[in-house]
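Inspection log for the structure reproduced underneath, given as structure tokens.
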Amino acid sequence: MPKHNPETFVFWNQMPFLTKNPYLFVAMEKTLSLFPLNLIVYPGEDLNLHIFEPRYRQLINECLDEERTFGIPAFINNKLPGYGTEMHVTTLHKRYPDGRMDIKSKGLGVFKLVNFENPIPGKLYAGGEVALVPPGDSYSAHASALTERLERLYNLLQIETDYSATSENLSYKVAHKVGLSIEQEYELLTLETEAERQLFLIQHLNNVLPVVSDMERTKQRIRMNGHFKNLDPLNF
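Mapping to my numbering: the sequence shown position 177 is 183, numbers consecutive.
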């Protein structure tokens, strides 16, 4: 095994993803400029960012000038666990006189880090090779079960919902809105099929719904405390 370079973190024990075609054993790899963040972005998700650090101002300016993408690898507990999302800058919303920027971006697809170099030679920012995770099916037979639990949760919380069981990549659309921890959001990002992701969310909601229901009952009891109660007499 090569000697560890403190400026380059390589996932030596992780093989890059291969194409789904069994006859094409070609890793779908590419080089990305990387912007690690303590958050999870899903494919199709819109993300607004305020860019103020010089290294990321350089990164975003190059993405705008060269019309190229960048990557947001998840940074959790001061570590890069390995997965992230390829991003496209959709709009330069505002550029400030001092060089800061407000940008709008969108998640394109999931990747797995092959190596990470900080900084790239001649640049201020990090970069590395990534293996693109092939997108799976956008729909799942578990969608109705998931939306039924979502409706129960949002009814308890008195929040309106307009999610449909026929929504494409439903799991990505609701993942930030069901009370997942960042570690759970990351685990969802690593799941390759919509069916796996929906089952993951269903299990989470199965655990959360009884807790939320108990909390709502407790709130009702607190509201009733001190009120005049009209109770039916008991027959002995």
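The beta-carbon is built from N, C-alpha and C at its ideal position, and this holds for glycine as well.
How many Å lie between residue i and residue j at the Cα?
i, j, result
"Thr196", "Gly142", "12 Å"
"Leu130", "Tyr178", "32 Å"
"Asn161", "Asn213", "16 Å"
"Arg106", "Thr96", "17 Å"
"Gln6", "Ile165", "Within the shown structure, residues of the chain are numbered from 7 to 242, placing residue 6 beyond reach of any answer."
"Leu119", "Ile126", "15 Å"
"Leu211", "Phe117", "27 Å"
"Gly50", "Val217", "31 Å"
"Lys110", "Leu43", "16 Å"
"Ala171", "Asn54", "27 Å"
"Leu70", "Ser187", "33 Å"
"Asn124", "Asn175", "33 Å"
"Ala33", "His94", "With a pLDDT of 49 at Ala33, under the threshold of 50, the modelled position of that residue is not reliable, and the figure given next carries that caveat. The straight-line gap from Cα to Cα measures roughly 22 Å."
"Leu98", "Glu68", "12 Å"
"Tyr5", "Arg101", "Because the chain spans 7 through 242 in this model, residue 5 falls outside it and cannot be assessed."
"Lys183", "Glu157", "12 Å"
"Lys36", "Leu86", "18 Å"
"Met221", "Glu189", "24 Å"
"Asp168", "Tyr145", "17 Å"
"Thr153", "Gly115", "24 Å"
"Val128", "Glu72", "It is Gly, not Val, that sits at residue 128 in the sequence shown. Going by the C-alpha atoms only, they are around 17 Å apart."
"Ser173", "Leu45", "24 Å"
"Leu38", "Asn84", "21 Å"
"Arg74", "Ala149", "34 Å"
"Glu202", "Gly185", "18 Å"
Could you tell me if residue i is buried or exposed, where buried requires 16 or more neighbouring beta carbons within 10 angstroms of its beta carbon?
i, result
"Arg1", "No statement about residue 1 is possible, as the shown extent of the chain runs from 7 to 242 and does not include it."
"Thr91", "buried"
"Leu163", "exposed"
"Glu200", "buried"
"Phe206", "buried"
"Gly134", "buried"
"Ala181", "buried"
"Ala147", "exposed"
"Asn236", "Because the pLDDT of Asn236 is 48, which lies under 50, any placement of that residue in the model is unreliable, and the question is left without a value."
"Ser219", "exposed"
Do residue i and residue j have their CB atoms nearer than 9 Å?
i, j, result
"Gly88", "Val47", "no"
"Phe41", "Tyr62", "yes"
"Val139", "Glu198", "yes"
"Gln204", "Ala151", "yes"
"Leu159", "Leu215", "yes"
"Pro60", "Phe122", "no"
At which residues does the alpha helix (DSSP H) containing residue i begin and terminate?
i, result
"Asp52", "Here Asp52 belongs to no alpha helix (DSSP H); instead the beta strand (DSSP E) covers 52-57."
"Val180", "176-180"
"Ala151", "149-163"
"Leu138", "It is not in any alpha helix (DSSP H) - Leu138 instead sits in the beta strand (DSSP E) that spans 132-138."
"Ile188", "188-196"
Ends of the beta strand (DSSP E) at residue i?
i, result
"Pro60", "Pro60 -> not in any beta strand (DSSP E); alpha helix (DSSP H) instead, spanning 60-72."
"Thr97", "89-101"
"Thr37", "35-40"
"Leu119", "107-119"
"Ile78", "76-79"
For residue i and residue j, which I take to be in contact (beta-carbon distance under 8 Å), what is that distance rounded to the nearest angstrom?
i, j, result
"Asp108", "His56", "6 Å"
"Phe76", "Leu65", "6 Å"
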